[in-house]
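Chains as they are written, first to last, in our numbering: chain A, 1 to 518; chain B, 1001 to 1502. For glycine and all other residues, C-beta sits at the position ideal for the given N, C-alpha and C. On a predicted model such as this, the values are computed, not experimentally measured, just so you know. The structure appears right after this line, and notes come after that.
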């Protein structure tokens, strides 16, 4: 079983989805929950069987698909992808569990299961084309989820989402093909294998062009600042489950791809573009934070705050050192948990009132105390309160970038204060004061169903906020391998200077005479 | 004194003709049967046609093994040339025809299929295309082209609608013009080199170092225009959308595949040596027409309100896409062309068949076209299986992995990147992104809109029957699981393309 465990984790939901066609509509949700739980257990088994002392890829599988063109079915995960996979299966599970008031539930659950296959596939593919297959295929279920269950502008939003990401990734495809060609030129064999590509050292001008080609694909997905316009629409129109999966997992594909492709394959270009990208990331953090402040719709606030945090993740990645990248990977998980939870929470209130306008609410703390508590914890986490999960990620990411530029880190950090302002104001508008709107007087508090979905998220938020080591350690181990590759491959002097490996932990005793020490 | 000609039958090498002869025999057979007994059911003719086609396919496999063992075979005074290109394209032509012919067995009765002539013309047409691809001789190419085209005009006109007559006449007029252009171009090349064999034309021109450049240009441009008409390259495409709209959906699907592959093979033989000789203007002509064909057809397709017209424009765009193989001219690119076209054949024939099974006898009430987007609105609620199948075809056409056409696109773009045409590769993928919009539009209608109130799910399969479902089933399976056969297919194609020197 261990030899093909990754394939099983990938294709189990797909098989379940196909079998799901024969299940009766009324029993569909139960089926979905069962499959979701099984998949989650499978992904936990991955964690159990994962060797945290190895930084490289594990559970490797390789079968030739198109051998004459070097395309293989090649899988493997490291500490970075492992936890994103677990998070993906976790969110699919609680997402399905929280589906109560939705039409065509059968179609929805089948679509979600297919989506899950593509998500797990993206994070475990080690072949460029295989990665691309899952990456593109993930667009289709999401297109359907937004377009069929979304709000009034759903079709516009879903098509915009599809076309933006599709265009970006086609440019990336040219990059993949060119990379394979360069590999062919150097070694004489076609290969799309990512570990093989890691070994290829390219001249700077090739690195720059390839970096840009990949960057367009990833930046649209993240989404980075000038390419982000599809996301507010997608979030605004998507049903709750769509927003949850989108924010928690799909956006992470972009940031994960930066770590998988851009950094180890083009280290010099990464250094070359470090400041421009950092500037974009800072613009993204500040600009979207301000836009979030101006929103009237609570879901849009969460959506923009989610983009804002993605900026911190990008900043952490392009700190190009172990601390920053580990922090940003940790923040990916944290961001997934927190913004996923916030979208679920917004969904709770939307189910009751069918509106998301903040002006419609106020004083909810009196009517729905449990809801207010959970929402409060999650807002605190989103703001980055110490002892919550987000704090660790943000702190490490910014600490990492501090080594590259003090000023920029300062600006980025101050933007987090803006984040605190809009999140807390929104919270105030929703929950404090008197109940002004008659319709809110008799709102029921969170139900058992909803609690089942929400309590684990609260628990994780605090658990990993207090004790992050169980996942931070394997992440750091794998990030260290990536940085090592970057370090070994870098050819330009700037890159050698910027990409620093952490100093050895052993402190050597030096006999320094008093007075000589400086 | 005339010396008596001494020709042995072996030297004619008649085996080169077998697939063509089998097809022609089939056509004559059908005519003879009709002579003896009228009012036989169409199912008989369908089965007879497919039997002969299967036989032709078998003989093709036989020829292929011979070519693998002994290299290119010449026959009939070296007029026939069975090389790798000819074999692959004949495989595509006959294979697509075998898939197409059962589409006549609809549950509704249509005018054209009640004539046995339809089937015999159909086989004549296939023979014409087979001729076209298996010779180097411009006159024989012309002969094949005209045999096929004349039959095709009639086949379109047989679909008994005023639009079909318009389409047939339009196609005929344009086709006649193209024939004139072809002959004129061939004449110029003959005047320059004293030969109608493409091989020898190439050798002579190369030996003369392309000294009469203006004349070569005239000849090539005329030939390019003539073949451009046949494969519907912009600006010679104007007939295509109207003809596709006028023809029955199944015939339109067929026309988007088989005549074009024959045209591509002739273009490959004619123009690639010019591209390789470093004639800049040839590259410029090709580059420009590729870019314009892809882009303009895509933009027109965006604004169509009828799915069939949209597919017509999208077929033009796909043709522009694969035409880049002739510009790039490497073995990889030429193999990519065939790979692309095989995968495209399954997907596109499937998509058109889906339109075909939803075809009513008369225009739907209150609508001006048979297959407007609105007709497919909310299909997922009324007829989910059909909607999913159609969705798969659309995703494949859009190039979403892992469906069939993605692999063709991948290999084609890769061949562009490999030969230094990175700019072209970017244009190709951007066009794919534009194209995604109109394919997605149909998916949006099918999956995300509410059904039109007075429409029942039945209309989407109103014309369906077991043979049609089988054809669509084959197309779906090929589209879904293409990934499993790409490797052997690619090796097979590449070895044949390579062995024929392209």
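Query raised in the report: Among B:1281, B:1041, B:1256, which has the Cα closest to the Cα of residue 1343 of chain B?
Result: On the second chain, residue 1343 of chain B is found 343 positions in, with the first residue counted as 1. Of the candidates B:1281, B:1041, B:1256, the one whose C-alpha sits nearest the C-alpha of residue 1343 of chain B is B:1256.
Requested in this report: Could you check which residue in B:1160, B:1176, B:1092, B:1402 has the C-alpha nearest to that of residue 1246 of chain B?
Outcome: Counting from one through the second chain, the residue named residue 1246 of chain B turns up at place 246. Among B:1160, B:1176, B:1092, B:1402, the Cα nearest to that of residue 1246 of chain B is on B:1160.
**Report entry** Contacts that residue 137 of chain A makes with chain B (C-beta to C-beta distance below 8 Å)
**Finding:** The residue labelled residue 137 of chain A in the question sits at position 137 within the first chain. Correct list: 1400, 1401, 1402.
Query raised in the report: Can you tell me the Cα-Cα spacing of residue 381 of chain A and residue 373 of chain A, whole angstroms?
Result: The sequence position of residue 381 of chain A within the first chain is 381, counting from 1. The sequence position of residue 373 of chain A within the first chain is 373, counting from 1. Those two C-alpha atoms are separated by around 12 Å.
**Report entry** Cβ-based neighbour list, residue 518 of chain A, same chain, cut-off 8 Å, excluding 5 preceding and 5 following
**Finding:** Along the first chain, one-based indexing puts residue 518 of chain A at 518. The predicted position of residue 518 of chain A is uncertain, since its pLDDT is 44 and thus under 50; no value can be drawn from it.
Query raised in the report: If you draw a straight line from the alpha carbon of residue 1013 of chain B to that of residue 1199 of chain B, how long is it in whole angstroms?
Result: Here the question's residue 1013 of chain B lines up with position 13 in the second chain. Here the question's residue 1199 of chain B lines up with position 199 in the second chain. Approximately 20 Å between the Cα atoms of the pair.
Requested in this report: Taking residue 10 of chain A as the query, report the chain B residues whose CB atoms sit under 7 Å from its CB, ordered along the chain.
Outcome: Along the first chain, read from residue 1 onward, the residue named residue 10 of chain A stands at position 10. Listed along chain B is no residue with a C-beta nearer than 7 Å to that of residue 10 of chain A; the closest approach is about 13 Å.
Query - Residue burial classification, residue 1151 of chain B (beta-carbon count within 10 angstroms, cutoff 16) - result: Within the second chain, the letter at position 151 stands for residue 1151 of chain B. Residue 1151 of chain B should be labelled buried.
Report task. Just grab the DSSP bridge partners of residue 1080 of chain B for me. Result -> Taking the first residue of the second chain as 1, we reach residue 1080 of chain B at position 80. According to DSSP, which records beta bridges pairwise, residue 1080 of chain B is partnered with B:1075, B:1135.
**Report entry** Limits of the unbroken beta strand (DSSP E) element including residue 62 of chain A
**Finding:** Position 62 of the first chain, counted from the start, is the residue given in the question as residue 62 of chain A. Per DSSP, residue 62 of chain A belongs to the beta strand (DSSP E) from 58-66.
Query raised in the report: Mind checking residue 1272 of chain B: buried by the 16 CB within 10 Å criterion, or exposed?
Result: Locating residue 1272 of chain B in the second chain gives position 272, where the first residue counts as 1. Answer is buried; the Cβ neighbour count reaches 16.
Query - Interface flag, residue 993 of chain B vs chain A, CB-CB below 8 Å - result: Missing from the structure shown is residue 993 of chain B; chain B here goes from 1001 to 1502 and no further.
Query raised in the report: Given that residue 68 of chain A touches chain B, what residues does it touch there, using C-beta distances under 8 Å?
Result: Start at 1 with the first residue of the first chain, and residue 68 of chain A comes out as number 68. The answer, in chain order, is 1487, 1490, 1491, 1494.
**Report entry** Whole-number beta carbon distance between residue 432 of chain A and residue 393 of chain A, since they are thought to touch under 8 Å
**Finding:** Here residue 393 of chain A corresponds to residue number 393 of the first chain, with the count starting at 1. Here residue 432 of chain A corresponds to residue number 432 of the first chain, with the count starting at 1. In this structure, residue 393 of chain A and residue 432 of chain A do not form a Cβ contact; the two beta carbons are roughly 28 Å apart against a cut-off of 8 Å.
Requested in this report: For the segment 1272-1291 of chain B, enumerate the residues whose C-beta is nearer than 7 Å to any C-beta of chain A, in chain order.
Outcome: Per Cβ criterion, the list is empty.
Requested in this report: Would you tell me roughly how many angstroms separate the C-alpha atoms of residue 278 of chain A and residue 318 of chain A, rounded to the nearest one?
Outcome: Against the first chain, residue 278 of chain A aligns to sequence position 278. Against the first chain, residue 318 of chain A aligns to sequence position 318. Looking at the two C-alpha atoms, the distance is approximately 7 Å.
Query raised in the report: What does DSSP give as the partner residues of residue 77 of chain A in its beta bridges?
Result: Against the first chain, residue 77 of chain A aligns to sequence position 77. Partner(s): A:58.
Query raised in the report: Between residue 423 of chain A and residue 454 of chain A, what straight-line distance do the alpha-carbon atoms span, to the nearest angstrom?
Result: The sequence position of residue 423 of chain A within the first chain is 423, counting from 1. The sequence position of residue 454 of chain A within the first chain is 454, counting from 1. Between the alpha carbons of residue 423 of chain A and residue 454 of chain A lies a gap of roughly 19 Å.
Report task. Show which residues of chain A have a CB atom less than 7 Å away from the CB atom of residue 1429 of chain B. Result -> What you label residue 1429 of chain B is simply residue 429 of the second chain in a count that begins at 1. Near residue 1429 of chain B (Cβ distances below 7 Å), the residues of chain A are 170, 171, 173, 174.
Report task. For residue 1328 of chain B, I'd like the list of residues in its chain whose CB is within less than 7 Å of its CB, leaving aside the five on either flank, ordered along the chain. Result -> Your numbering for residue 1328 of chain B matches position 328 in the second chain. The residues are 1415, 1416, 1419, 1421.
Query raised in the report: Which residues, in chain order, does the segment 1419-1447 of chain B contribute to contact with chain A at a C-beta distance below 9 Å?
Result: For chain A, the residues of the segment 1419-1447 of chain B that bring a beta carbon within less than 9 Å of one of its beta carbons are 1422, 1425, 1426, 1428, 1429, 1430, 1432, 1433, 1434, 1436, 1437, 1440, 1441, 1443, 1444, 1447, in chain order.
Query raised in the report: Of the residues B:1186, B:1403, B:1091, which one's Cα is nearest the Cα of residue 1270 of chain B?
Result: For the purposes of this step, residue 1270 of chain B is taken as residue 270 along the second chain, with counting starting at 1. Ranking B:1186, B:1403, B:1091 by CA distance to the CA of residue 1270 of chain B puts B:1186 first.
Query raised in the report: Can you pull the DSSP bridge partners for residue 519 of chain A?
Result: Any question about residue 519 of chain A goes unanswered here, given that chain A covers just 1 to 518.
Query raised in the report: Cα separation between residue 1340 of chain B and residue 468 of chain A?
Result: The residue labelled residue 1340 of chain B in the question sits at position 340 within the second chain. The residue labelled residue 468 of chain A in the question sits at position 468 within the first chain. Using only the alpha carbons, I get a separation of about 51 Å.
Query raised in the report: Can you give the Cα-Cα distance for residue 1497 of chain B and residue 1265 of chain B, rounded to whole angstroms?
Result: Against the second chain, residue 1497 of chain B aligns to sequence position 497. Against the second chain, residue 1265 of chain B aligns to sequence position 265. Cα to Cα, residue 1497 of chain B sits roughly 11 Å from residue 1265 of chain B.
Report task. Return no unless some Cβ of chain C is closer than 8 Å to the Cβ of residue 1417 of chain B. Result -> Annotation note: the requested chain C is absent from the structure, which comprises protein chains A and B.
Query raised in the report: Is it right to say residue 1197 of chain B is buried, meaning 16 or more other beta carbons lie within 10 angstroms of its own, or is it exposed?
Result: By one-based count along the second chain, residue 1197 of chain B stands at place 197. The residue is buried, with at least 16 neighbouring Cβ atoms inside 10 Å.
Requested in this report: Have a look at residue 1413 of chain B and residue 177 of chain A and give me their C-alpha separation to the nearest angstrom.
Outcome: The count along the second chain starts at 1 and reaches residue 1413 of chain B at position 413. The count along the first chain starts at 1 and reaches residue 177 of chain A at position 177. The alpha-carbon atoms of residue 1413 of chain B and residue 177 of chain A are separated by roughly 8 Å.
Requested in this report: Check whether the Cβ atoms of residue 1397 of chain B and residue 1314 of chain B sit closer than 8 Å, and answer yes or no.
Outcome: As a first step, residue 1397 of chain B must be located in the second chain, where it is residue number 397. As a first step, residue 1314 of chain B must be located in the second chain, where it is residue number 314. Yes, these two residues count as a Cβ contact at 8 Å.
Query raised in the report: Of all Cβ atoms in chain B, is any one closer than 8 Å to the Cβ of residue 148 of chain A?
Result: Here residue 148 of chain A is taken as the residue at index 148 of the first chain, counted from 1. By this cut-off, residue 148 of chain A is an interface position.
Report task. For the segment 1387-1451 of chain B, list the alpha helix (DSSP H) runs that are entirely contained and at least 4 residues long, ordered along the chain. Result -> Counting only runs of 4 or more, we get 1404-1418, 1422-1448.
Query - Cβ neighbour criterion (16 or more within 10 Å) applied to residue 107 of chain A - result: For the purposes of this step, residue 107 of chain A is taken as residue 107 along the first chain, with counting starting at 1. With 16 or more Cβ atoms within 10 Å of its Cβ, residue 107 of chain A is classed as buried.
Query raised in the report: For residue 1096 of chain B, which residues from the same chain have a beta carbon less than 6 Å from its beta carbon, with the 5 sequence-adjacent residues on both sides left out?
Result: Taking the first residue of the second chain as 1, we reach residue 1096 of chain B at position 96. A distance below 6 Å between beta-carbons, with the five flanking residues on each side excluded, links residue 1096 of chain B to the following residues of its chain, in chain order: 1257, 1258, 1345.
Report task. Quick one: grab the DSSP three-state call for residue 125 of chain A. Result -> Here residue 125 of chain A refers to the residue found at position 125 of the first chain. If DSSP states are grouped into helix, strand and coil, residue 125 of chain A belongs with the strands.
Query raised in the report: Any idea what DSSP makes of residue 170 of chain A, helix, strand or coil?
Result: Here the question's residue 170 of chain A lines up with position 170 in the first chain. DSSP places residue 170 of chain A in helix when its eight states are reduced to three.
Query raised in the report: Candidates B:1448, B:1436, B:1444: which alpha carbon is nearest residue 167 of chain A's?
Result: Position 167 of the first chain, counting from 1, holds the residue named residue 167 of chain A. From the listed residues B:1448, B:1436, B:1444, the smallest Cα separation to residue 167 of chain A is found for B:1436.
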